[in-house]
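Notes to accompany the following structure.
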Amino acid sequence: MARTLREPFQKILDTILDLLEKGTIPWRKPWGAVSPANFVTKRPYSGINEIVLWSAGFSSPWWMTGRQLEKLGGRLKPDAFPHLIVGAFLGTPRHSPGPIAPEPRLYLRPYLVFNLDQVEGVKAPPVEEKAPLPGAAAILRAYRHHPRYAVASGAHYQPSTDTIGMPPMRCFDSSAEYYVTLFHELGHSTAHPSRLDREWKNRTHAYAREELTAELCAAFLMAAAGLEFPEATTNQAAYLQHWRRNLLDDPMALFEAARAAQKASNFILMRSGKQARKPSSRMKAISTKNGRSALDHAAMPSAEPEKRSA
Ligand SMILES: [Zn+2]
184 MARTLREPFQ KILDTILDLL EKGTIPWRKP WGAVSPANFV TKRPYSGINE
234 IVLWSAGFSS PWWMTGRQLE KLGGRLKPDA FPHLIVGAFL GTPRHSPGPI
284 APEPRLYLRP YLVFNLDQVE GVKAPPVEEK APLPGAAAIL RAYRHHPRYA
334 VASGAHYQPS TDTIGMPPMR CFDSSAEYYV TLFHELGHST AHPSRLDREW
384 KNRTHAYARE ELTAELCAAF LMAAAGLEFP EATTNQAAYL QHWRRNLLDD
434 PMALFEAARA AQKASNFILM RSGKQARKPS SRMKAISTKN GRSALDHAAM
484 PSAEPEKRSA
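Using this note's numbering, you'd call the opening residue of the sequence shown number 184 and step up by one each time.
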């Protein structure tokens, strides 16, 4: 049974549930959609806000609050409606009744933003020459503290041996299917104690949240690589229904998983710490049965897309 959330969360959740109901996977960035950023600060939106804003379907990447619009001297077009985003952060309650330190909890601040397409009197910034997107191989190279890679009959991440198992690329319908699957497993691997040490089994709902985290991490990595999502599969209806049910059961999952997925993708891309250096020696050393490096294999775009095994 769905619990009721505080209003801003509930509205965002409703938007996401509505998209799932209509057959859209909100976290799969539509092809050609631009990454949303604030018009004034130029800071990109992240986590759930990135998903909410890229699924809003505007052509401009720029967003602003009503106050920012006023300062810029612009005005809203007559039919403009705001989009709700949240500033969510982890905090510890100041007052606690007992001697035990209170658990950190998720706080939120709602913001209403408008797309540049919805306003008048504000000049669009000149279109910048887009830097080419790095591609899947560069994403894999960026992940310096990566797990072992091995060829397996089904895609999985094994925490006890810190290994990602992947079927060869020829077992997938397309290279996009292969990478979205591999990126999902990369997402799981960031939960390892040597990395982000994310809990994923010991709490109610933790497993479903970890799955959503890996799924959203894959979406952020696909967007970072500039890869198009694979065509909808025959399982899409079941997939949509599965996530709809999970979000109704555990509404906070969306917000916590989006935050965790952002952190995970930043970790893989080395955005949060030091920049990626040369690939580690481990990356080159892992060999597969056919004598080819598992990662080299993973990093190569498919020349021979074949059918999917799992
Ligand atoms: Zn998974």
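Ideal placement from N, C-alpha and C gives every residue a C-beta, glycine not left out.
Rank 242, 202, 450 and 251 by C-alpha distance to the C-alpha of residue 295 and give the top, closest one. The candidate whose alpha carbon is nearest that of residue 295 is 251.
Closer than 6 Å is what we want: which residues have a beta carbon that near any heavy atom of ligand 1? List them in chain order. Listed by chain position, these are 367, 371, 394 and 397.
Which residue or residues does DSSP assign as beta-bridge partners of residue 246? According to DSSP, which records beta bridges pairwise, residue 246 is partnered with 221 and 298.
Under a three-way DSSP split, which group does residue 352 fall into? Looking at residue 352 - three-state DSSP - the assignment turns out to be helix.
Considering only residues of the same chain and omitting the five flanking positions on each side of residue 269, which have a CB-CB separation below 6 Å? Excluding five sequence positions before and after residue 269, the CB atoms of its chain that fall closer than 6 Å to its own CB belong to 191, 291 and 293, given in chain order.
State the Cα-Cα distance for the pair residue 286 and residue 303, rounded to the nearest angstrom. Just so you know, the alpha carbons of residue 286 and residue 303 end up roughly 46 Å apart.
Cα separation between residue 194 and residue 267? Linking residue 194 to residue 267 through their CA atoms gives a straight-line distance of about 8 Å.
Note the first and the last residue of the continuous alpha helix (DSSP H) segment covering residue 427. Taken as a continuous stretch (DSSP letters only), the alpha helix (DSSP H) holding residue 427 covers 419 to 432.
Are there 16 or more other CB atoms within 10 angstroms of the CB of residue 273, so buried, or fewer, so exposed? Per the 10 Å Cβ criterion, exposed.
Contact belief for residue 392 with residue 439 at Cβ below 8 Å, rounded distance in angstroms: The beta-carbon separation of residue 392 and residue 439, rounded to 6 Å, stays under the 8 Å limit for a contact.
Would you mind sorting residue 396 into buried or exposed? The rule is 16 or more other CB atoms within 10 Å of its CB. Result: buried.
Reduced DSSP secondary structure (H/G/I, E/B, other) of residue 199: Of the three classes helix, strand and coil, the one that applies to residue 199 here is helix, per DSSP.
Can you give me the Cβ contacts of residue 249 inside the same chain, cut-off strictly under 6 Å, excluding the 5 residues immediately before and after it? Within the same chain, residue 249 has no close Cβ partners at all.
Ordered list of alpha helix (DSSP H) runs contained in the segment 319 to 391, each at least 4 residues: The qualifying runs are 358 to 372.
Following the continuous alpha helix (DSSP H) through residue 237, name the residue where it begins and the one where it ends. Per DSSP, residue 237 belongs to the alpha helix (DSSP H) from 230 to 237.
Look up residue 274 in the DSSP assignment and give the residues it is bridged to. In DSSP, residue 274 forms a bridge with 288.
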